[in-house]
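J.: Protein chains in written order, with this note's numbering: chain E, 170 to 526; chain Y, 170 to 526; chain G, 170 to 526; chain C, 170 to 526; chain X, 170 to 526. Note that CB positions come from ideal geometry on N, CA and C, so glycine has one too.
So this is what it looks like as structure tokens:
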């Protein structure tokens, strides 16, 4: 994940300015519509925004999902078709918003962050919702695949989702977005258990890099998901006309999930902090051990080498009696060996006492 | 304890979906029933769910404890027999829930975490309760043994537990679950006192591993037990029809225990943080001492060895007067020894002044 | 940024004392006026304070922007012209105030901090606002350039800014000041991604200095921007006569931006803490590697050098049979080489087992 | 202080179960009674619980202090004599409770922790109080000595304590217990000032052990004393019939003391954290200095030793002209000395530039 | 600053006991009186407490400042003269109180901490105030100098201070005490900028000692000043009869200053934490560099010295062909030099690749 992901207008731009993503970056815009009552259901994929119009005016429940980046033209079409507030639409386009809930006239505007695991990396996509009495409009840049599960559940004739109103559909979508956090955190849990094995065994930079990566992803993920709790709490606490009483018990379940996720993220953060400390200590211990070996070897051999140095000197034994008389002793060499054995032995006793090996 | 213990459905699954644990992982399901009034008591172990039906319909208090993982068939039987809400039952099955309290219609649903010491390791089991006016249903995967104490207390004819309603039985069970924390924390307290002895004496990875293990278990335990406080607080604060006034004073006692436990956990966490710091410092001191010994030995002998090297050179003394005339002095060797003693002495004075030994 | 930027009077000075900046430090004072109704607009740059008088008395909306440090004379002129409270004016002059909102009689006084990137460094300027029903007066030491965008938006005849009251103009200015935070944080995000590349590769003081600089600037920036949230929240929560209902939805958008910025700053702070830890660990690993190489080389060659020292001794082989008989063996030299190869091999096996290379 | 000091019943034990301390651990039980009105006073030491009965029934104020561990028989005698609630009495016996306040019927039950300095070590004793309209009963395992001051103040005929009710007596006792914290914290303050002297001068494990001891005692003390604040706050806030209006001003003074103590404890904790950091840095600096000396000595002499090694080789100068011709130069030895002086000089210049000494 | 500065009575002492400071420690007591109405002013320095009596009974505003430690006799004189509550007077004498506000009958008692820079060190003095409708009594051990500014402002006939009541005088004094924090924090800001220069350049204990000193003074200062915020907040929030409506706007200004000071202190604390981390890292980098030099030198010369050692051995070349035949080669010495150059070159290539220099 990048550190700064928010799109923003230059400071001083008028509120509600809609700037489409440059054409070359814009993913293809696709509109998917599902219109249903308890009796019948129509599901259309990849249609034109205008085609939604007739469905929105009926009494049936309508779910419109807009995938990809809209172009400037598409934007105004969408705004006209769904009567969306310009401040809300600005937030839809300037992705990287903090999750939030905002009532606009008779619509409820909600921004959420959906985490996904893609080939071992976390990716967070902004999902925006507009809720009115008879429709839900959702926007997401990414793939439609995760949302298709909801279409499938709507297709089952007797399903709870089918027979309830647009607020229950919104709950289903929010629940879908929030629950994407569980597989992501399970994956992190797995990575952390792997790391735990490593930290006491290895001291290379690769382990360190993995610790850093997990830590940073957890910090960023927390930053992205933390506001979910407040969003769902506001849905529960404030009295929004669009949310019916019977949906509350399900939103409470949703709220419970956001708390579980945040709780787990906090626990993981604590854990990673602890792991880095342990890793550091383990590296320290390893260095300690290396230095101890160096010290033992060096302090044993340095005096010995000095002794051999002594008897390698070339003083002229003929110049005086006191010039290296040891060299002429019949057992001089043997005595030197005994001396050296004595030095080594006393060193070893000293090290053993200090518990250095 | 594993980092991620929650069972969850794939995101997008309909709420209240009940998926039994795969048959090969499912512990054998056992249902225990205790039905009592002030006058009589019936305690049955390992019965069929349907056998509970007649007891539930009577006015007597009934406690049904379900042990192990239910199979899919058993699940629907249970749901039908006890009229449990499907969202609650989903939480019973998807173990690893955060402790919580949720009112469903005329039942109160409570999830708790019960910590147990098993052969030196902490294990946390989810315990779920349903409370209605005349019965308590409890679910726990693990052994029935800890709960048998309640059966024994119920068997005593004049006991307070026997003469009061289902809310007092729930209190008894909650108190049992919460108080399991005390022996666990006592064990941790013991482990920490052992560690405290070690950290200043040893610097091996085994001590480090023990510090890490205690830290991680404390973090996970806190994550599991922290919400207990809120659960009991909600029982005290909110006005639940199922809880009678007279039980409140006992629940306050229970609340007091949750606070004591959390308080102790926080204190232990602070303590472990402090211990790791002290351990690190102690390892550092030890390394310091090793390096100091190395330095003293090396800086004493390296110059000496250099001196012996000088007089081990083979310059041709016959080629000129200035080629190593020292070698021909009658007392050359003695002078070199004096020089070396002088070097050592000045080194030792230097080290002593710097307080290196 | 400096640590202490507040101008203050010596303790015990009477409240509301106005001390102009010493003449040599004072930037040239410039007054810019924009007077507008839905129909017409007058924009004057660099005028005398007195020239504002007639515009303030009309019903049209008036925005006066005071740029630079006023002299003592200009101060009293300003106070008289705009009827500003003496405590508020003291805060305008003693720059380095904490952002705050204070109602004085029928004026609302607001202090904000505007961060700007100037040639790679953050600079924070105090911007002060006085809002009454028909005018906004803004003070800022720095350049008028960022504010000119608002003049341009006012110049567009049909713009929302033009047709609404002074409260909407205030919103526009607050939004401008707050949104300056986004490019600044984007820049920090970029710097942190650069640093992330470096910390695992290098261990020089230059990287450390960059980490420190980013950390300190984030701490100071947070200190400056944190109170914005409270200022906007008070505007939303308290019932100020000067703020009309229709502007609330825009101020909520503004509030949302302050939260996003603080959120990001907190996340960045966590990140920098994590990065410093990783940097430290990486430096440690590097030192570990260096020491390991030293140890391997030293522990291999020190014993070998000792062996060569042995056979460099000059014991007189003629003095006795036991004086270095190895020197006279026909294969003595070869045997010594074999011995040395053996020592090296066993050392290497030992190191390999300990995974030192 | 031990980490885990709470006595508890095995989980599942009925609430209010009273288990006396095993006879061999039980300190001798002593009951002290002081009965007083404004006119007269009776003070009895070491009496039987039953002897209190007549005093409790009179209108005079009665203070009964129970010292030591009661046996099982004594327990029931006490309960009967003073009509104490069984849950409260359980908390009196299971010492190691968290300070708390609990109203039981017409009695107020309060648990406090009294810290005492005993021969340089902190010891925390649980003190429990029962307050009713005409009596205070206090329990404390430890010595009666600190409480005797209250008896002495009661003995003074005109003292405020003597003329007011049981609530003022309770205030006197609470104040006594809380104020024991001041000498304890003064002692810690002294210890910390001593440590401050040491940390920059020494790097031995003894200093480290002292830092650890102070840190752990502060953590445990905070854990014990923190709830005092809440206890006194509840006394002030809630409307307890037993506490009269006129005592409130004194309890506020008491509350102020609890806050001062906690404030000081927090400040000390911050300070100890800072001291450990400084100690660590100082140890690091010391190691740095040692390593620098080693490096300077080693890097100066290693090249010199190499040079002497060169001219200690025994190449046969007669075998060819290029075999060590230097040995035969008339000034060879002098040149080698000059070379070595040059090497040392350039090394010293290098080190001086890097500011290594 | 010392860690423990509070004077306290032995636990169990009766509340309101007044113990004068021992005569030898007591600073000379001086009483200063300023009595004023809008028309006239009387300022007397160093008078007897009884002389204040007539002024207190008049309707004019009276400010009595008591400097130094009162003796026991003076104490009772003061208490009688000003009708001060005995609990409040105890707090005046037992200096080292936490700042607080306490209403006693018709007087308001306020304790504040005044920080002063004295020759580069912070000193905190307790200042106590009694406010009634017509007088303010202030106590401060230290010099009268800072307070004389208020006398001077009172002397100016038309000043705001002169024409308003005792509550405005109190505001003036509180503002004076609080604003003493700004020069102190400016000084700390300066010290920190100096430190910032040092931490990356030096690694001596003197820098470390300065870091520690700044950290500890900031911790203690925060401990002393933090409660100011609550004191002023209570003045603003609670409805005290002695404080008039018109003074509120000035007290809000005062409150704003306390927040600015605390904010700055917190920011400084964060900064010092960051600086210590950077210092530690910088010391580590420096050690790393030293060790790297040692390693490069040692690993280059140790193998070379070994080679010279080989050819310094004295094997008897006449004993067999394989005894050191190299010594007899015409170009043996040259070959050895080539070998050694090769070793050095490959070492250098290895180090260059690892980026060790």
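Under 9 Å between C-beta atoms, does residue 269 of chain G make it to chain X?
T.: Yes, residue 269 of chain G counts as interfacial toward chain X.
J.: Is residue 531 of chain E close to chain Y, meaning its C-beta is less than 9 Å from at least one C-beta of that chain?
T.: With chain E covering 170 to 526 only, the question about residue 531 of chain E has no answer from this structure.
J.: At which residue ranges does the segment 252-276 of chain C contain complete alpha helix (DSSP H) runs of 4 or more residues, listed in the order of the chain?
T.: With a minimum length of 4 residues, the continuous alpha helix (DSSP H) runs that stay inside the segment 252-276 of chain C are 255-262.
J.: Does residue 472 of chain E come out as helix, strand or coil in the three-state DSSP assignment?
T.: Residue state, collapsed to three classes: helix.
J.: Assuming residue 372 of chain G and residue 451 of chain G are in contact, meaning their beta carbons sit under 8 Å apart, how far apart are those beta carbons, in whole angstroms?
T.: Rounded, the Cβ-Cβ distance is 7 Å, consistent with contact.
J.: Hey, quick one: how far does the beta strand (DSSP E) through residue 214 of chain X stretch, first residue to last?
T.: Per DSSP, residue 214 of chain X belongs to the beta strand (DSSP E) from 210-216.
J.: I believe residue 430 of chain C touches residue 394 of chain C by the beta-carbon criterion, under 8 Å. Please report the beta-carbon distance rounded to the nearest angstrom.
T.: Indeed they touch by this definition, with Cβ atoms about 6 Å apart.
J.: Relative to the alpha-carbon of residue 292 of chain X, which residue among X/202, X/170, X/512 and X/476 has its alpha-carbon at the smallest distance?
T.: Among X/202, X/170, X/512 and X/476, the Cα nearest to that of residue 292 of chain X is on X/170.
J.: Straight-line CA distance for residue 266 of chain G to residue 465 of chain X?
T.: Rounded to the nearest angstrom, the two C-alpha atoms are 55 Å apart.
J.: So which of X/316, X/502 and X/331 has the shortest CA-CA distance to residue 323 of chain X?
T.: For the residues X/316, X/502 and X/331, the minimum Cα distance to residue 323 of chain X belongs to X/331.
J.: Anything in chain Y within Cβ reach of residue 525 of chain E, meaning under 8 Å, just list it in chain order.
T.: Residues of chain Y passing the Cβ test: 459.
J.: Within 10 angstroms of its Cβ, does residue 504 of chain G collect 16 or more other Cβ (buried), or is it exposed?
T.: Flag for residue 504 of chain G reads exposed.
J.: Tell whether a beta-carbon distance below 9 Å holds between residue 513 of chain C and residue 469 of chain C.
T.: Against a cut-off of 9 Å, the Cβ pair of residue 469 of chain C and residue 513 of chain C comes out as a contact.
J.: Is there at least one Cβ from chain X nearer than 9 Å to residue 290 of chain G's Cβ?
T.: No - not a single Cβ of chain X is within 9 Å of the one on residue 290 of chain G.
J.: What is the rounded straight-line gap between the Cα of residue 347 of chain X and the Cα of residue 301 of chain X?
T.: Each residue's Cα considered, the two are about 21 Å apart.
J.: Mind pulling the chain X residues with CB within less than 7 Å of residue 503 of chain G?
T.: Within chain X, the residues near residue 503 of chain G are 491.
J.: Could you tell me the alpha carbon to alpha carbon distance between residue 490 of chain E and residue 471 of chain G, rounded to whole angstroms?
T.: About 33 Å.
J.: Could you check where the alpha helix (DSSP H) with residue 357 of chain X kicks off and where it finishes?
T.: Residue 357 of chain X -> alpha helix (DSSP H) spans 350-368.
J.: Is the beta carbon of residue 304 of chain G sitting closer than 9 Å to the one on residue 219 of chain G?
T.: The answer is no: Cβ separation not under 9 Å.
J.: Please list the partners that residue 467 of chain Y has in chain C, where partner means a Cβ-to-Cβ separation under 8 Å.
T.: By Cβ distance, chain C contributes 463, 466 and 467.
J.: Taking Cβ to Cβ, would you say residue 376 of chain X is nearer than 9 Å to residue 448 of chain X?
T.: Yes. Within cutoff.
J.: For the 8 Å Cβ check, are there 3 or more pairs between the segment 306-319 of chain E and the segment 495-510 of chain E?
T.: Touching, no, given that fewer than three Cβ pairs across the two stretches are closer than 8 Å.
J.: Since residue 234 of chain G sits in a beta bridge, which residues does DSSP pair it with?
T.: Answer is G/201 and G/307.
J.: Which residue's Cα is closest to the Cα of residue 344 of chain E: Y/180, Y/520 and Y/403?
T.: Nearest of Y/180, Y/520 and Y/403 to residue 344 of chain E, Cα basis: Y/180.
J.: Taking the straight line between their C-alpha atoms, what separation do you get for residue 172 of chain C and residue 178 of chain G?
T.: Whole-angstrom Cα-Cα distance: 52 Å.
J.: Just checking: is the beta-carbon of residue 488 of chain X within a distance shorter than 9 Å of some beta-carbon in chain G?
T.: Taking Cβ atoms only, chain G reaches closer than 9 Å to residue 488 of chain X, which makes this a yes.
J.: What number of angstroms, rounded off, separates the C-alpha of residue 237 of chain X from the C-alpha of residue 186 of chain X?
T.: In a straight line, the C-alpha of residue 237 of chain X is about 19 Å away from that of residue 186 of chain X.
J.: Along the chain, which unbroken stretches of the alpha helix (DSSP H) at least 4 residues long are found entirely within the segment 363-445 of chain Y?
T.: DSSP runs (the alpha helix (DSSP H)) wholly in the segment 363-445 of chain Y: 374-406.
J.: Would you check if the distance between the CB atom of residue 203 of chain C and the CB atom of residue 320 of chain C is smaller than 9 Å?
T.: Yes, the pair counts as a contact, with Cβ atoms nearer than the cut-off.
J.: Can you find a C-beta in chain G that's less than 9 Å from the C-beta of residue 453 of chain X?
T.: Yes - at least one Cβ of chain G is within 9 Å of the one on residue 453 of chain X.
J.: Would you please verify whether the beta carbon of residue 402 of chain C is less than 9 Å from any beta carbon of chain X?
T.: Not closer than 9 Å to any Cβ of chain X, the Cβ of residue 402 of chain C fails to qualify, so no.
J.: Please decide whether residue 391 of chain G counts as near chain X, where near means a Cβ-Cβ distance under 9 Å.
T.: Cβ-Cβ to chain X under 9 Å: yes for residue 391 of chain G.
J.: Determine, for residue 373 of chain C, whether the minimum Cβ-Cβ distance to residues of chain Y falls below 9 Å.
T.: Interface residue, yes.
J.: Which partner residues of residue 287 of chain X appear in the DSSP bridge assignment?
T.: Its beta-bridge partners are X/290.
J.: Measuring alpha carbon to alpha carbon, tell me which of C/257, C/446, C/284 and C/341 ends up nearest residue 364 of chain C.
T.: Of the candidates C/257, C/446, C/284 and C/341, the one whose C-alpha sits nearest the C-alpha of residue 364 of chain C is C/446.
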